[in-house]
Every structure is written in C-alpha cells, then in structure tokens.
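Colleague:
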Amino acid sequence: MASLDRVKVLVLGDSGVGKSSLVHLLCQNQVLGNPSWTVGCSVDVRVHDYKEGTPEEKTYYIELWDVGGSVGSASSVKSTRAVFYNSVNGIIFVHDLTNKKSSQNLRRWSLEALNRDLVPTGVLVTNGDYDQEQFADNQIPLLVIGTKLDQIHETKRHEVLTRTAFLAEDFNPEEINLDCTNPRYLAAGSSNAVKLSRFFDKVIEKRYFLREGNQMTLSPICWEMFSIWIPGFPDRKRFGAGTLKSLHYD
Amino acid sequence: MSFLIDSSIMITSQILFFGFGWLFFMRQLFKDYEIRQYVVQVIFSVTFAFSCTMFELIIFEILGVLNSSSRYFHWKMNLCVILLILVFMVPFYIGYFIVSNIRLLHKQRLLFSCLLWLTFMYFFWKLGDPFPILSPKHGILSIEQLISRVGVIGVTLMALLSGFGAVNCPYTYMSYFLRNVTDTDILALERRLLQTMDMIISKKKRMAMARRTMFQKGEVHNKPSGFWGMIKSVTTSASGSENLTLIQQEVDALEELSRQLFLETADLYATKERIEYSKTFKGKYFNFLGYFFSIYCVWKIFMATINIVFDRVGKTDPVTRGIEITVNYLGIQFDVKFWSQHISFILVGIIIVTSIRGLLITLTKFFYAISSSKSSNVIVLLLAQIMSHFWINSFDLQGMYFVSSVLLIRMSMPLEYRTIITEVLGELQFNFYHRWFDVIFLVSALSSILFLYLAHKQAPEKQMAP
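Those sequence lines, one after another, are chains A and B.
The first sequence begins at 934 in this note's numbering and counts up one residue at a time.
The second sequence begins at 383 in this note's numbering and counts up one residue at a time.
#1: Any Cβ of chain B within less than 7 Å of the Cβ of S954/A?
#2: Measuring straight from C-alpha to C-alpha, what distance separates F819/B and E438/B?
#3: Would you kindly work out how many angstroms separate the C-alpha atoms of T435/B and I441/B, rounded to a whole number?
#4: Do you know how far the Cα of V549/B is from the Cα of P1053/A?
#5: Can you find a C-beta in chain A that's less than 7 Å from the C-beta of E658/B?
#6: Less than 7 Å between CB atoms is the rule here; does T1080/A satisfy it with respect to chain B?
#7: My guess is that L955/A and A1046/A are in contact by the Cβ rule of under 8 Å, so how many angstroms apart are they, rounded?
#8: Buried or exposed, going by whether 16 or more other CB atoms sit within 10 Å of the CB of Y651/B?
#9: I need the straight-line Cα distance from F426/B to F432/B, nearest angstrom please.
#10: Less than 6 Å between C-beta atoms, sequence neighbours within five positions excluded: which residues of the same chain meet that for I688/B?
#11: Is any beta-carbon of chain A found at less than 7 Å from that of A827/B?
#12: Establish whether the CB of F644/B and some CB of chain A are separated by less than 7 Å.
#13: Using a C-beta cutoff of 7 Å, does M579/B count as contacting chain A?
#14: What number of angstroms, rounded off, separates the C-alpha of K458/B from the C-alpha of V424/B?
#15: Just to confirm, are E658/B and V1016/A a CB contact at a threshold of 7 Å?
#16: Which residue marks the beginning of the alpha helix (DSSP H) containing H1086/A, and which one marks its end?
#17: Comparing C-alpha positions only, which one of K586/B, K585/B, K654/B and L824/B sits nearest to V563/B?
#18: Please confirm if I480/B has its CB atom under 7 Å from at least one CB of chain A.
#19: Spell out whether any CB of chain B is found under 7 Å from the CB atom of S1036/A.
#20: When the Cα atoms are used, what is the spatial distance from R593/B to L628/B?
#21: Give the residues of chain A in contact with M576/B, contact being defined as C-beta atoms less than 8 Å apart.
#22: Any beta carbon of chain A sitting closer than 7 Å to that of I629/B?
#23: Counting along the chain, where does the beta strand (DSSP E) carrying L569/B start and finish?
#24: DSSP has V1000/A in a bridge; who is on the other side?
#25: Quick one: what's got a C-beta closer than 8 Å to R574/B's C-beta in the same chain, skipping five residues either side?
#26: Suppose contacts are defined by Cβ-Cβ distances below 7 Å. Is F1026/A in contact with L1082/A by that definition?
#27: Kindly say whether S384/B, judged by its beta-carbon, lies nearer than 7 Å to any beta-carbon of chain A.
#28: With a threshold of 16 other CB atoms inside 10 Å of the CB of D947/A, please say whether the residue is buried or exposed.
#29: From the DSSP output, in three-state form, read off L955/A for me.
#30: Measuring straight from C-alpha to C-alpha, what distance separates I480/B and C496/B?
#31: My output table needs one value for D634/B: the three-state DSSP class, helix, strand or coil.
#32: Along chain A, which residues have their Cβ under 9 Å away from the Cβ of T662/B?
#33: Determine the chain A residues that contact E632/B at a beta-carbon separation under 8 Å, and present them in chain order.
#34: Which two residues bound the contiguous beta strand (DSSP E) that contains I1024/A?
#35: Can you tell me whether I393/B is buried or exposed, with buried defined as 16 or more other CB within 10 angstroms of its CB?
#36: Which of the three DSSP states, helix, strand or coil, is assigned to K654/B?
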C-alpha cells in the first residue's frame, strides 16, 4: 500500500483557528469530537484520486502536516518548527473568520514557511518585512481556508470574506470558507469540495508532472478557465490579477 | 484653590498612566491576538492607572509636593476605587468570561456568573477569620476589613512569586547552570523526530487505505455507540475494524513520542541561544548580576529563617543602618539624617522603576506561555487582579525580589514618612504581615529550589536515553 506516491501539504495558521478539526474532517470525513492543543506537529493522511473520472485516474496519498503554534512564539520554537517545512509541495493557510488578527497573521506565516524553502542555508529570516519580490517565483500552490463560518452573522459576511484579499496580489490562492464542525460544507459535489480536489490535483501536478518546463504554460490558463464556470467564485476581479500572474509564470 | 490645582495635577497624571497602560496592552500583550470586548482592556488600563497613581502619591509624600490634605484625600479616593475594582468588578468579569466559554451554560451565563461571584465573595469573607488582623474597633464594611483581606491574599501571592523569583533569577542568568549543547545533538534529535513522523505517516496510510477498502466493500465503519453497540461489537467485530484499533493505539503512542521529541528539540534550541547570548557583553553583565543576586537571595532566605526562629520583626530602615555602620567604620562626620533622606528617595525610585519593568516583562512572558484566543479574556483579567494585589500591598511590606521589590518602600522609608500610610490604613497589624510574608517566602523559595533541581537533573538524563 505504501507503494502509492505521496505528496506533502502543510497546514498553517494561528493557534485556535481549527486546523486540527479541519485536518480530521478532510482525512476521516468525521467531525473531531474533542479538539485539544497541538504540540509540535500532527500528521494525517488523505487518499486522493487524481483526475477523478478521467481515464488517467490515479490514487495518491496526501500527507497533511498540521503544525501547531503561533507566529509570536519564541525563536527556539520557530527553529524547531522549521524542520517540518522541508520539501513541501503545497500549503493550506487557515484563518479564523471571527478573528481579524488571524487573517493578518497569515502574512507572517507565509513568510516563515516560504522563506524557509527559498533559503537553503537554514537561516531563518526573522525581520517582519514583507518583501514581495521574494515571492515572485514561488511555485508552491496555496489554499486559504476560513473557519467558523457558522459564527458569522449573515450581514457581516461580505466584509469578513474580503479580508484575505491582500493575499491575492501575491499568491493568487484559492479560497474556501467553512465550518469544521459540519461535514456538509465539504460534501461531495459542493463547490468547496470541487475547489479542494482541484487544489490537490494542482499540488500533485506540480510535484510529479510538471518537472519539465514546457508543460507548465498550459495548466494555469486552463485553471483560470475552469474558475469562470464554477459558481460562487468569490472575487471576480481576482480573475484579472490571475491572468497577469499566469503570464508571469510563463 | 490649591486643592483644585492639586486635583487637576493628579487627574492629568492618571490619564497619562491610563493611556500608557492602554498602549502597553495593545502593543505588547495583545500583539497577536484580538480582544473582542473592550471592557477587558478598559479595566486593565484603569487598574494600571490607579496603581501608578498610588506610587506617585508616595513619591509626592517623600518630596513634600502638594498640599497634605489634598494628598490625604487622593489617597483615600484611590484606595476606595482600587478596592472596588479589585473586589467587586474583576472577579465578576472573570466569572462571566469563564462561564461564557463553557458551551452548556451559554444561555444563562449572567445568572451563573453572579453565582460564581457570590461564592467568591463568601470565601473572600471567610478568609479573614483565622488571621489575627482586625482590631475590634471598626465596623463591618470599612476599608480596613477589605484591605486586610486583600492584604492577606496579596502577601501570599507576593511571597510565592518572590520566593520563586529569588531562586529562578540566578538560575536563569548564571551560565554555570547551562548545559553544553552542540549542533550535532540538535541534528540528531531532529532526525529522530522526522523518523517518528515518518513512522506515524506509514501507519496512517495503512489505516486510510483500510478504511477506503472497507467503505468500498460496503462495510460501514462506525465506532460502537451506545450500550447495544458495544455488546454487538464484542460478538461480531469485523476484522478490519479490529486491525484499525490496534494500529490506532500504536499511532497514539508514536504521536506522544513525537510531541516529547518536539519539546526536547525546542528546549535544546533555547539552551543554545542562551549559551550564545551569554558570550556577548550583555550576557556577561547579566551573569555578573546573577552572582550578586544569588548572594542576595541566600541572604534573604537566611534572614527569613532567623526572623521566624528568633521571632524578630525588622524595624530599622536598612539605608540608615547601612549609613550608620559605614559612618562608624570610617569615622567620617556625616549628617546621617540629611543624606539618608535623599538616598532613600533615590533607592525607592530605582526600585520602583526596575520592578515596573520586571513586572511588565514577566507578565508578557507568562502571557505568551499560556495564551490562546479562547482564554485570552480570562488571562488578562487575572493579570489585572494580580497586578492590583501587587500594588496594594506594595507600600506595606518588606522589599522583595525583582518583580515585587517595590514593597521595600515602607521599610526603607525613614520613620517620619510612614505616618501618613499608617494614618490612612488604620490599625492593621503590620507585624503579622511581615511574619506571614517571611513564612511563605521561605516555603516558596525552598520548594522552587527543589523543583528546579529536579528539572535540571532530569533533562540530561532524557538525552542519554536511546
């Protein structure tokens, strides 16, 4: 069984946003009954069918590494966490929709995780400056998930859902908002489930199929075409930014 | 007329302190978390403001600034307000936030927090009985009653904190205690951690695959729920689920191991940083201080033991005594009274400044160590509680270590300055407080020595184990 290929995806976010509940929901299709603090890193595995429904369907293991802690941790904890950031194929950023700070902290989380990969000497860049140039050639697919959707009142939803728009400038991530205690948000066939499996497909592609440079030009454009047809895509103007980005990848 | 001027000075300084407390709250304590209810922030800043005002009043007392009657009035007012906040508001809010965290009681949280508050008040009142603190002259709801009880709690807290601080500070600063950590140690531990994670992953892969095949074959894998479910699972358990529970147990054990390895690695990184820090100038300076502090702590513990054994209470002002001794030894003509006044003032000022800084730093460290978004409200209120206990008792007792050393003020102030404090507080039994403080300080210092010794011994043993 271990002969299936594997892919590593990090799950990052502030403490208390619901990463462990999310990972449990994704991997075991069940709601986590008694969430407690994650010390260090907890891993779970999801079996994913790449290109489901097509003749090229293949099954992969997706390892979800749920790293605990906060951005304000002591530097010794940060150095210890850095050991988990090696050879990452995809990142899921989790933020709490009821807590504005957790969305703002995503910026620092991205710095911590992505800088680690770009600087192979192992020196952790600790000044909080956000240099957009550093992420210009970032190839790792990203997904942003907002949790605790059920606790947001209907009228405030729009304001809350545009909080992570700043990430779109640099990363163009996909976005999902849900409630980790209710499996119906990820029920098969819902738009969230489709976005999720597209994200995983993208991660697998980047890892296994797109090592050769020439095939890379096609997929981002196809990606954007898919997004027009899926209803409920949250931010129309991101499509414009997305096209520019995909040109940049070329 | 002068009263108005004085009051306006006091009020402006209070507003300044309030602003400072607010800023500190926003910038330092709550940099990474969001506080949803501003009540907490307001209470914290108000407590901070009034506590600082009390210190200001002490300094004014020494300097002789402002009219003495207006000073007296402000003392009383400050005291009343702080007691009100401390005894009535903060416990109520703590109870309210604790109750609102529990999902079950969400509907009737007001009712339950009132109940909690009443229980707290009951115990608070009962606290006064076994202690010989009251003189029978005063009525039930007077300031003396409240202060005496607050005093007891505060003294215990202070003594515990200072006992621990007295032992912990030299341990932290002195490099003698640092274990030697090399890069290879850290790398070896990291490798072990990653290996454990890989083992966990391979087991989880098996479980995920088994679950998937079972699902595809139509066996619904659900945990046995309820009484009949359990009975059924005993007799007709599918082999798949049996396998799964076995693997799950192995995974649990491995996860526990990975957590421990993670904590150990973090510990090694921290020690390595400390070693590097101790090689810098600042580090060497603190190392030096650490030696001094350790001598001071040993002396304090010794004095506490002697005070208890010989039933003695410190009466003299250490600065005056120190100067007397120096003068007698050196044979110099010295106007002791004149100089002691200024020196004690400077000493008091230094103590205040360093203890404020030490307190704020300790607060932030403690806060980071235990915070999360759920409990942040409760923690801040607890901090406000501790802080106000600290400030109320500060003008009362003998000086302490680092965080709470501001209590030195009463002892270090020459006799004539003590009068206003004694006047305001009535006839509380100060001697009792000194004795109680000595006892708790001794107990706390000894137990923290034991605790640190055990922790220090245990850590290198863990590393030796394969």
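Note that the Cβ used here is the ideal one computed from N, Cα and C, for glycine as well.
Given the structure is predicted, the values throughout are model-derived calculations rather than measurements.
Modeller: Looking at the atomic coordinates:
#1: Position 21 of the first sequence, counted from the start, is the residue given in the question as residue 954/A. S954/A does not count as touching chain B.
#2: Against the second sequence, residue 819/B aligns to sequence position 437. Against the second sequence, residue 438/B aligns to sequence position 56. Cα-Cα distance, rounded: 25 Å.
#3: As a working mapping, residue 435/B is identified with position 53 in the second sequence. As a working mapping, residue 441/B is identified with position 59 in the second sequence. Spanning the two alpha carbons is a distance of roughly 10 Å.
#4: Within the first sequence, the letter at position 120 stands for residue 1053/A. Within the second sequence, the letter at position 167 stands for residue 549/B. In this prediction, P1053/A scores a pLDDT of 36, lower than 50, which makes its location untrustworthy; the coordinate-derived value is nonetheless stated afterwards. Near 42 Å, if we compare the C-alpha coordinates of V549/B and P1053/A.
#5: As a working note, residue 658/B is residue 276 in the second sequence. So, not an interface residue.
#6: Position 147 of the first sequence, counted from the start, is the residue given in the question as residue 1080/A. Cβ-Cβ to chain B under 7 Å: no for T1080/A.
#7: Here residue 955/A refers to the residue found at position 22 of the first sequence. Here residue 1046/A refers to the residue found at position 113 of the first sequence. Rounded, the Cβ-Cβ distance is 17 Å, inconsistent with contact.
#8: Your numbering for residue 651/B matches position 269 in the second sequence. Buried, because 16 or more other Cβ atoms sit within 10 Å of the Cβ of Y651/B.
#9: Position 44 of the second sequence, counted from the first residue, corresponds to residue 426/B. Position 50 of the second sequence, counted from the first residue, corresponds to residue 432/B. Their backbone Cα atoms lie some 10 Å apart in a straight line.
#10: Reading the second sequence from its first residue, position 306 is the one you call residue 688/B. Excluding sequence neighbours, I688/B sits near nothing in its chain.
#11: Translated into the one-based positions of the second sequence, residue 827/B becomes position 445. Not one chain A Cβ lies under 7 Å of A827/B.
#12: For the purposes of this step, residue 644/B is taken as residue 262 along the second sequence, with counting starting at 1. So yes, F644/B belongs to the interface.
#13: Along the second sequence, read from residue 1 onward, the residue named residue 579/B stands at position 197. Output row for M579/B: interface = yes.
#14: What you label residue 458/B is simply residue 76 of the second sequence in a count that begins at 1. What you label residue 424/B is simply residue 42 of the second sequence in a count that begins at 1. Going by the C-alpha atoms only, they are around 22 Å apart.
#15: The residue given as residue 658/B occupies position 276 in the second sequence. The residue given as residue 1016/A occupies position 83 in the first sequence. No.
#16: Taking the first residue of the first sequence as 1, we reach residue 1086/A at position 153. No alpha helix (DSSP H) holds H1086/A; DSSP gives it neither H nor E.
#17: Translated into the one-based positions of the second sequence, residue 563/B becomes position 181. Among K586/B, K585/B, K654/B and L824/B, the Cα nearest to that of V563/B is on K654/B.
#18: Taking the first residue of the second sequence as position 1, residue 480/B is located at position 98. So, not an interface residue.
#19: The residue labelled residue 1036/A in the question sits at position 103 within the first sequence. Chain B contact via Cβ: absent.
#20: Locating residue 593/B in the second sequence gives position 211, counting from the first residue. Locating residue 628/B in the second sequence gives position 246, counting from the first residue. Between R593/B and L628/B, the C-alpha separation is close to 14 Å.
#21: By 1-based counting over the second sequence, the position of residue 576/B is 194. Looking at the sequence itself, residue 576/B is Leu, so the reference to Met does not match. Per Cβ cutoff of 8 Å: V1016.
#22: By one-based count along the second sequence, residue 629/B stands at place 247. No, I629/B does not count as interfacial toward chain A.
#23: Taking the second sequence and counting its residues from 1, the one referred to as residue 569/B is at position 187. Taken as a continuous stretch (DSSP letters only), L569/B belongs to no beta strand (DSSP E), being part of the alpha helix (DSSP H) at D565 to K599.
#24: Taking the first sequence and counting its residues from 1, one reaches residue 1000/A at position 67. DSSP, once it has assigned bridges, lists C974/A as partnering V1000/A.
#25: For the purposes of this step, residue 574/B is identified with residue 192 of the second sequence, where counting begins at 1. These residues qualify, in order along the chain: L643.
#26: If you number the first sequence from 1, residue 1026/A lands on position 93. If you number the first sequence from 1, residue 1082/A lands on position 149. Result no, Cβ atoms of F1026/A and L1082/A do not sit closer than 7 Å.
#27: Taking the first residue of the second sequence as position 1, residue 384/B is located at position 2. S384/B does not count as touching chain A.
#28: Locating residue 947/A in the first sequence gives position 14, counting from the first residue. With 16 or more other Cβ atoms within 10 Å, it is buried.
#29: Sequence index remark: in the first sequence, residue 955/A carries index 22 (1-based). Helix at L955/A.
#30: As a first step, residue 480/B must be located in the second sequence, where it is residue number 98. As a first step, residue 496/B must be located in the second sequence, where it is residue number 114. Their Cα atoms are separated by approximately 12 Å.
#31: By one-based count along the second sequence, residue 634/B stands at place 252. Correct three-state label for D634/B: helix.
#32: The residue labelled residue 662/B in the question sits at position 280 within the second sequence. Residues of chain A passing the Cβ test: none, with the nearest at roughly 16 Å.
#33: What you label residue 632/B is simply residue 250 of the second sequence in a count that begins at 1. The premise fails here: E632/B is roughly 14 Å from chain A at the closest Cβ pair, so nothing lies under 8 Å.
#34: Translated into the one-based positions of the first sequence, residue 1024/A becomes position 91. That run of the beta strand (DSSP E) goes G1023 to D1029.
#35: Taking the first residue of the second sequence as position 1, residue 393/B is located at position 11. Classification for I393/B: exposed.
#36: As a working note, residue 654/B is residue 272 in the second sequence. Here K654/B sits in helix by DSSP.
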